[in-house]
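Numbered per our numbering, the sequence shown spans residues 5 to 161. Backbone N, C-alpha and C fix where the C-beta goes; we use that ideal spot for every residue, glycine too. A short write-up of the structure that comes next.
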Amino acid sequence: MGTLTWTFVNTPIGELVLVSSAEGLARVAFGRVSIGEDLPRADNPEAARQLGEYFAGERRDFELPLDWRLSTGFRRTVQAALLDIPYGGTETYLQLATRIGRPGATRAVGTGCARNPLPVVVPCHRVTRSDGTLGGYAGGVDAKKYLLELEARHALR
């Protein structure tokens with residue numbers, strides 16, 4: 005699977021840790037978190053550039069190679085389906101569960117979103133509760149709200 009490297013990127017929702025391999029971006033983590041290993045530091049200028057464009061409202065979709073090593077089974081199915089939620093749009097956990105053919109697995113879909121190793125890039129922030137509330141988010145509810153508002157502002161352009 006290759007060696008992993010990491011770097012920090014400052015964003016409007018705080019510092020993100022980008023963990024990458026030769027295969028692609030493997031993890032996006034919020035703040036100064038433990039990345040679980042003593043990994044060498046190496047910039048990922050393409051991921052940093054695309055994240056900068058996203059936060060500037062200039063990018064709707066990421067065009068980065070992704071290393072899905074931290075995502076398997078049903079969670080991987082959920083996380084892959086997140087890529088189909090359009091920029092500026094939302095889907096409920098129930099709608100996502102139904103779309104992937106598992107309407108009774110709403111909680112498991114929530115867990116798949118919560119365990120998304122690539123938040124922002126793989127847009128789990130676009131999934132909300134059926135009652136209209138935002139639901140949880142690894143970066144915090146304020147970060148989720150910021151991302152949804154950012155996309156709403158730029159989706160109409």
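Item	Value
Identify the continuous alpha helix (DSSP H) that holds threonine 110 and give its terminal residues.	110-118
Closest by CA to leucine 70, which one among Glu27, Pro49 and Gln54?	Glu27
Taking glycine 114 as the reference, which of Gly93, Asp146 and Arg80 has the closest Cα?	Arg80
Closest to leucine 98 by CA distance: which of Pro127, Asp135, Thr76 and Ala118 is it?	Asp135
Is the beta carbon of alanine 51 sitting closer than 8 Å to the one on threonine 9?	no
Determine the extent of the beta strand (DSSP E) in which valine 145 is found, giving its start and end residues.	That residue, valine 145, is in no beta strand (DSSP E); its alpha helix (DSSP H) goes 145-159.
Can you give me the start and stop residues for the beta strand (DSSP E) that glutamate 19 sits inside?	18-24
Alanine 84 to leucine 20, Cα distance in whole Å?	21 Å
Just the Cα atoms here: how many angstroms apart are glycine 139 and arginine 119?	14 Å
Compare the Cα-Cα distances from alanine 163 to each of Ala112, Ser75, Tyr141 and Thr110 and report the closest residue.	A query on residue 163 cannot be resolved here, the shown segment of the chain reaching from 5 to 161 and no further.
Can you give the Cα-Cα distance for isoleucine 104 and glutamate 67, rounded to whole angstroms?	23 Å
Thinking C-beta only, is threonine 132 closer than 8 Å to threonine 94?	yes
Between alanine 156 and the rest of its own chain, which residues show a CB-CB distance below 6 Å, the 5 nearest in sequence each way excluded?	Gly92
Here's the rule: buried if 16 or more other CB atoms are within 10 angstroms of the residue's CB, otherwise exposed. What is glycine 116?	buried
Whole angstroms is fine: what's the gap from glycine 2's alpha carbon to aspartate 146's?	Missing from the structure shown is residue 2; the chain here goes from 5 to 161 and no further.
Could you work out which residue in Val32, Ser24, His158 and Gly77 is closest to asparagine 14 when comparing CA atoms only?	Val32
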